[in-house]
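Engineer:
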Amino acid sequence: MSFFMLGMLILLAGGFVSLCVGRRPVPASLFGSASAVAGSLLAVIPSFQVLIRGVSESWQTDWTVPFGSFYVQIDALSAVFLIPIFGLSAVAAVYGATYLLAYREKNLGIPWFFYNLLLIGMALVVVARNGLLFLVAWEIMSLSSFVLVTFEYERPMVRQAGLIYLIAMHIGTAFLLVFFIVMGHQAGSLDFTKLSGTSSSVANLLFLLAIIGFGTKAGFMPLHVWLPYAHPAAPSHVSAVMSGVMIKTGIYGIVRTITLLGTPPAWWCWLLILIGVSSGILGVLFALAQHDLKRLLAYHSVENIGIITIGLGVGLLGIHRNSPLLAVLGFTGGLFHVLNHAVFKGLLFLGAGAVLHGSGTGQLDRLGGLLKRMPWTAFFFLVGAIAISGLPPLNGFVSEFLIYLGVFKNAPGGGLASAVVALMVAGSLSLIGGLALACFAKAFGIVFLGLPRSPLAQHAHEADWTMRFSMAVLAALCLLLGIFSPAVVLVFQHVLPEIIPFDVSPIQKELESASAILQHFVFASLLLLALTGAFTVLRKLLLGKRSVRQAVTWDCGYAQPDARMQYTATSFAQPLTDLFRIFLRTRKTISLPEGLFPADSSFHTESSDISERYLYAPVFQWVGLLLSKLQWLQHGRLQIYILYIVLVLWTLLIWKLM
Amino acid sequence: MTALKLLHPLIALAAAPLLPGVINRTKALFAGRTGQPVLQLYYDLWKLLRKGAVYSRSTTWIFRLGPMIGISVALLALTILPFGGLPAAIRFEGDLILFAYLFGLARFFTIVMALDTGSSFEGMGAAREATFSTLCEPALLIGLAAITKYTGSVSLSQMFSSLRFSDWGQAGPAFILVGSALLIVFLTENSRMPIDDPNTHLELTMIHEVMILDHSGPDLALILYAAALKLWLLGTLLIGIVVPVHSGHPALDVLIAVLCMALLAVLVGIIESSMARIRLLHVPALLIGATTLSVLALVLTAR
Numbered sequence: 003m004s005f006f007m008l009g010m011l012i013l014l015a016g017g018f019v020s021l022c023v024g025r026r027p028v029p030a031s032l033f034g035s036a037s038a039v040a041g042s043l044l045a046v047i048p049s050f051q052v053l054i055r056g057v058s059e060s061w062q063t064d065w066t067v068p069f070g071s072f073y074v075q076i077d078a079l080s081a082v083f084l085i086p087i088f089g090l091s092a093v094a095a096v097y098g099a100t101y102l103l104a105y106r107e108k109n110l111g112i113p114w115f116f117y118n119l120l121l122i123g124m125a126l127v128v129v130a131r132n133g134l135l136f137l138v139a140w141e142i143m144s145l146s147s148f149v150l151v152t153f154e155y156e157r158p159m160v161r162q163a164g165l166i167y168l169i170a171m172h173i174g175t176a177f178l179l180v181f182f183i184v185m186g187h188q189a190g191s192l193d194f195t196k197l198s199g200t201s202s203s204v205a206n207l208l209f210l211l212a213i214i215g216f217g218t219k220a221g222f223m224p225l226h227v228w229l230p231y232a233h234p235a236a237p238s239h240v241s242a243v244m245s246g247v248m249i250k251t252g253i254y255g256i257v258r259t260i261t262l263l264g265t266p267p268a269w270w271c272w273l274l275i276l277i278g279v280s281s282g283i284l285g286v287l288f289a290l291a292q293h294d295l296k297r298l299l300a301y302h303s304v305e306n307i308g309i310i311t312i313g314l315g316v317g318l319l320g321i322h323r324n325s326p327l328l329a330v331l332g333f334t335g336g337l338f339h340v341l342n343h344a345v346f347k348g349l350l351f352l353g354a355g356a357v358l359h360g361s362g363t364g365q366l367d368r369l370g371g372l373l374k375r376m377p378w379t380a381f382f383f384l385v386g387a388i389a390i391s392g393l394p395p396l397n398g399f400v401s402e403f404l405i406y407l408g409v410f411k412n413a414p415g416g417g418l419a420s421a422v423v424a425l426m427v428a429g430s431l432s433l434i435g436g437l438a439l440a441c442f443a444k445a446f447g448i449v450f451l452g453l454p455r456s457p458l459a460q461h462a463h464e465a466d467w468t469m470r471f472s473m474a475v476l477a478a479l480c481l482l483l484g485i486f487s488p489a490v491v492l493v494f495q496h497v498l499p500e501i502i503p504f505d506v507s508p509i510q511k512e513l514e515s516a517s518a519i520l521q522h523f524v525f526a527s528l529l530l531l532a533l534t535g536a537f538t539v540l541r542k543l544l545l546g547k548r549s550v551r552q553a554v555t556w557d558c559g560y561a562q563p564d565a566r567m568q569y570t571a572t573s574f575a576q577p578l579t580d581l582f583r584i585f586l587r588t589r590k591t592i593s594l595p596e597g598l599f600p601a602d603s604s605f606h607t608e609s610s611d612i613s614e615r616y617l618y619a620p621v622f623q624w625v626g627l628l629l630s631k632l633q634w635l636q637h638g639r640l641q642i643y644i645l646y647i648v649l650v651l652w653t654l655l656i657w658k659l660m
Numbered sequence: 008m009t010a011l012k013l014l015h016p017l018i019a020l021a022a023a024p025l026l027p028g029v030i031n032r033t034k035a036l037f038a039g040r041t042g043q044p045v046l047q048l049y050y051d052l053w054k055l056l057r058k059g060a061v062y063s064r065s066t067t068w069i070f071r072l073g074p075m076i077g078i079s080v081a082l083l084a085l086t087i088l089p090f091g092g093l094p095a096a097i098r099f100e101g102d103l104i105l106f107a108y109l110f111g112l113a114r115f116f117t118i119v120m121a122l123d124t125g126s127s128f129e130g131m132g133a134a135r136e137a138t139f140s141t142l143c144e145p146a147l148l149i150g151l152a153a154i155t156k157y158t159g160s161v162s163l164s165q166m167f168s169s170l171r172f173s174d175w176g177q178a179g180p181a182f183i184l185v186g187s188a189l190l191i192v193f194l195t196e197n198s199r200m201p202i203d204d205p206n207t208h209l210e211l212t213m214i215h216e217v218m219i220l221d222h223s224g225p226d227l228a229l230i231l232y233a234a235a236l237k238l239w240l241l242g243t244l245l246i247g248i249v250v251p252v253h254s255g256h257p258a259l260d261v262l263i264a265v266l267c268m269a270l271l272a273v274l275v276g277i278i279e280s281s282m283a284r285i286r287l288l289h290v291p292a293l294l295i296g297a298t299t300l301s302v303l304a305l306v307l308t309a310r
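So the sequences go chain by chain: F and U.
Heads up: the first sequence begins at 3 in the numbering used here, then just goes up one per residue.
Heads up: the second sequence begins at 8 in the numbering used here, then just goes up one per residue.
(1) Does the beta carbon of L85/U sit closer than 7 Å to a beta carbon anywhere in chain F?
(2) Nearest CA to the CA of M469/F: which residue from I54/F, L103/F, L208/F?
(3) What residues in the stretch 355–379 of chain F bring their beta carbon closer than 9 Å to a beta carbon of chain U?
(4) If you run the structure through DSSP and keep just helix, strand and coil, what is F83/F?
(5) Using the beta-carbon of each residue, which ones in chain F are nearer than 8 Å to K156/U?
(6) How about V82/F and L425/F: are their beta carbons less than 7 Å apart?
(7) Which same chain residues, not among the five before or five after C143/U, have their C-beta less than 7 Å away from its C-beta?
(8) Report the option in I246/U, F139/U, V302/U whose CA atom is closest to the CA atom of I202/U.
(9) Taking the DSSP output, what are the residues bridged to H15/U?
(10) Going by beta carbon distance, what residues of the same chain come within less than 6 Å of A19/U, once the five residues before and after it are set aside?
(11) Buried or exposed, going by whether 16 or more other CB atoms sit within 10 Å of the CB of S495/F?
(12) Hey, does R40/U have any beta-carbon neighbour from chain F nearer than 7 Å?
(13) Which term fits N206/U, buried or exposed, when burial requires 16 or more other beta carbons within 10 angstroms of its beta carbon?
(14) Which class does W61/F belong to by DSSP, given the choice of helix, strand or coil?
(15) In chain order, what residues of the same chain have a beta carbon less than 6 Å from the beta carbon of L341/F, not counting five sequence neighbours either side?
(16) Given 8 Å as the limit, is there contact between the stretch 519–535 of chain F and the stretch 75–83 of chain U, that is, 3 or more CB pairs closer than that?
(17) With distances taken from CA atoms, which of L11/U, I219/U, I149/U is nearest A95/U?
(18) With a threshold of 16 other CB atoms inside 10 Å of the CB of Y50/U, please say whether the residue is buried or exposed.
(19) What's the C-alpha gap between S198/F and L134/F?
(20) Would you mind reading off the limits of the beta strand (DSSP E) that contains I76/F?
(21) Give the residues of chain U in contact with Q552/F, contact being defined as C-beta atoms less than 7 Å apart.
(22) When the Cβ atoms of the stretch 249–266 of chain F are set against those of the stretch 150–163 of chain F, are three or more pairs found closer than 8 Å?
(23) What residues from chain F crowd round P225/U, counting only those whose CB sits closer than 7 Å?
(24) Are the CB atoms of P234/F and K296/F within a distance shorter than 7 Å?
(25) For Y231/F, which residues of its own chain have a beta-carbon under 6 Å away from its beta-carbon, when the five flanking residues on both sides are left out?
(26) Between which two residues does the beta strand (DSSP E) harbouring T67/U extend?
(27) Could you check whether the Cβ of G315/F sits closer than 7 Å to any Cβ belonging to chain U?
(28) Does the pairing of the stretch 446–455 of chain F with the stretch 364–371 of chain F give three or more beta-carbon distances under 8 Å?
(29) My assumption, with CB atoms under 8 Å, is that P180/U sits in contact with L307/U. Please give the rounded CB distance.
(30) Determine which residues of the stretch 274–301 of chain U have a Cβ less than 7 Å from any Cβ of chain F, and write them out in chain order.
(31) In terms of residue numbering, what span does the alpha helix (DSSP H) encompassing I97/U cover?
(32) Based on Cα-Cα distance, which residue from Q165/U, T124/U, L105/U, L26/U lies nearest to A565/F?
(33) Given that R470/F touches chain U, what residues does it touch there, using C-beta distances under 7 Å?
(34) Between the stretch 333–353 of chain F and chain U, which residues of the former have CB atoms less than 9 Å from a CB of the latter, in chain order?
(35) Output the distance between the C-alpha atoms of D313/U and S198/U, rounded to the nearest integer angstrom.
(36) What does L284/F touch in chain U if you count any residue whose Cβ is under 7 Å from its own?
Take a look at the structure:
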């Protein structure tokens, strides 16, 4: 625990120093990122100790705030979230050190101070064991990330994104406030304690409040609307942290709630699986329709949160049906995916940042051919793209595989319910996998391959070594987490007993069997890599002494191939977006060439969010209309505002007296 | 035992290029032509392997790596799949999921390889491949889930060895449904009629063939070889489930399985001779239909 506290102090102190020297960009970046790296590396040490030993560490002290106590604890569940939080944040901080120097005219102390504050907030959220402390940490996290999102506040788009983010976060927090009040009322204290003897209706209410409150942060459909705005607006290393680990605090909240609420009824499990399926499929569909690289990645976060939630739902179903198999494989798959998604989504956002940094645009249809100009970034992005598509031999496959394995092994016996869960999970995961593959083949192919589609892409330059170093670390992790997955899975042996209320021995047995199965997968992966290597050598030998010529791309004899004739991101995705148009509602604006001498013609598509257009826009319009009736209360006279305060205080006093 | 495990990959490596030959001869027979020799693909491979290569100027190492990944994936898949009673070299619980996802890896590289050329034709093929294969995935995995539900085994090796002809009596309708779904997946993934026309002469109407327009020499040879192996792999999966032969004599089992593969090739030839390619816009309906068949099969086995 002392390492953790020391790390927090370094983060805070480094942030302040950075703030003080903020006007000078290089020292500010140096202090900010060095303290973020040092603090994270120190603070993460206890998490490893807890995971290896299986003994949790806690620290409690009184707090003058009513109902609050400064009660923090690192148990195995917290540790599983702390490791990606600190790991990714440290790597992203190295990247940010040079990335932010592009904005040297700004005060760089501010983003570094709030970056460190965001890390402190996220870590405290995960270790807090008191409702009030949790909410304070939650707000620190939300507000500091808001400041980071609005870093480029001169741009109207960014200000709009910040506003949407702020509102969405606080609607979520409102639900959490009610959640903790009800929870504290039931338990008699705001400290986290496992509820017992709670009526099922109260437990149901708490579960729903948690789903909405934490789901807003995690980005469940349709609570995800802030995500595609906020993530692209933030500087790329912040997007990586927000998308890679910050939204996972929502997942953490749901898992923690599950451990506190006791035995789940069946509908909780089905609700989670349904949320997972709809977030997963709709997330990837909207990603497919995007034209902006970072927005595309943001929608993929919704998809991956969906996959994680499917895993959690399957695990919860295991608890409900008393099946260690489902519980272990579901939760292990879901939580492993939390870790994996932190790695590859972090990598992809850093890669997108390098593209933005090197070319100046994130518009897919203006990029192309970047592989020749940014070979390293392209390679790392490719690794991330394969990993996020869930393809072997990288880490993304392993976590999805575990969830599949759970429902497939559970399918025989168990009647219709086991068939339905197999159908939902296998059907949705395979569809999500296929669509994600299409989407990332598109993102990688359009951005890095072919010919440059604009002068911006033509003059792009490679990222410098700190940025490449950060991406290299994450890319290596994508492979290592796949190759060492049998060992990584065993790390969960102390985590799962925190969530699953079964005996330890069946949990242990299931984990060991999963680990043994993964060893076969690792053997197959290594064989695949060896085969590819062997064939590459063979090809070299075959072509060694023969004529290898360069020519233009075959264009059916057309003599003047041009970069504008290439397929674009929009045209690549068109068959799929057309097929799923009932969900996407893509708006197309076409002006066709007409007449004998056609002048300009154009084609434009836009896939704005359906939940935004058909759910939030009408609701907010209605609320706005209603509230405008109360406008007479506001007239800008200070005396009367003070009178309002006095009136409220009086009312409260009288209420208390009664 | 080790030698026995490697027997299936060896048989497949030797015999897979025969399948396109058989298909072409069947089609020729229907059309009243003599047709190309059954061994044509062997000649082609031999010729291409001895040639040099021409690369488009816009391509990168992705374009050169893709064919290597494709052939490696096919070889690895051969070691996971049992054939005619021969054991698979690699088997574990859940290997069928790896089997399905390996094709995904190959597809990813086929698509980016096509986008690497910057050609609009190849982009078009890539977009179609992405669309149709995506829709195939649920049909394949839900179909396999149905068989898992019925046999209780999550490994392809166990699944194939536990199936018997008597199972047709117990769950005949489910087998017919899964078999039909897998046949559609087989035709789509291998770019055959009625989804794709491998014989068309117009780039606009192709899917798979258009994606490899720019490949030449040994690269093209490996792509064609991998395509023949994919035909073999998905054919073996279909036959292993639909025709569960266990005669008791290992050699006879293998012989029957090889014969079934030849019959499947003839069936593909007949389908291609008797049907036109359906409109590309209508292909998704067919594939969603295949998924529905798989779902029905899963529901039937759940009773």
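Each residue gets a CB set at the ideal place from its N, CA and C atoms; glycine is no exception.
On a predicted model such as this, the values are computed, not experimentally measured, just so you know.
Structural biologist: With the given structure in hand:
(1) no
(2) L103/F
(3) G370, G371, L373, K374, P377
(4) helix
(5) A413, P414, S420, A421, A424
(6) no
(7) V192, T195, E196, L294
(8) F139/U
(9) Answer by DSSP bridge pairing: none, since H15/U is not bridged.
(10) L85, W239
(11) Looking at the sequence itself, residue 495/F is Gln, so the reference to Ser does not match. It counts as buried.
(12) no
(13) exposed
(14) strand
(15) P86
(16) yes
(17) L11/U
(18) exposed
(19) 21 Å
(20) 71–76
(21) Y62, R64
(22) no
(23) R541, L544, L545
(24) yes
(25) A163, I166
(26) Note, T67/U: premise wrong, no beta strand (DSSP E); not H, not E.
(27) no
(28) yes
(29) 6 Å
(30) P291
(31) Taken as a continuous stretch (DSSP letters only), I97/U belongs to no alpha helix (DSSP H), as it is neither H nor E.
(32) T124/U
(33) Going along chain U, no residue has its Cβ under 7 Å from R470/F, so there is no contact; the nearest lies around 18 Å.
(34) none
(35) Residue 313/U is absent from the model: chain U starts at 8 and stops at 310.
(36) The contacting residues do not exist; L284/F stays about 15 Å from chain U at best.
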